[in-house]
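Structure record follows, encoded as structure tokens.
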Amino acid sequence: MNEEFDTLDGKIDQFLQLYQRLKSENKELRLQLVSSQNDIKLLEGKVDGARTRLEALLRQIPE
């Protein structure tokens, strides 16, 4: 009977370690996602600015 409890205790310990690792990994992934979303917004702004400048230049070219 003690052996069964020891096995169960070991499995619970493994589960808790896995849970903590996945929780930490999930937190890190959420931070990376926010960072990536911010990068995307920055790049979208740069693309919009470049598009505006290019459109202005194209309007200056005589037909």
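Going letter by letter, the sequence shown gives residues 4 to 66 in the working numbering.
Glycine included, C-beta positions come from ideal geometry on N, C-alpha and C.
{"Item": "Could you give the first and the last residue of the continuous alpha helix (DSSP H) run that contains E31?", "Value": "N5 to Q63"}
{"Item": "Given this structure, state the Cα-to-Cα distance separating L45 from G13, to the nearest angstrom.", "Value": "48 Å"}
{"Item": "How many angstroms separate the CA atom of L61 from the CA atom of G52?", "Value": "14 Å"}
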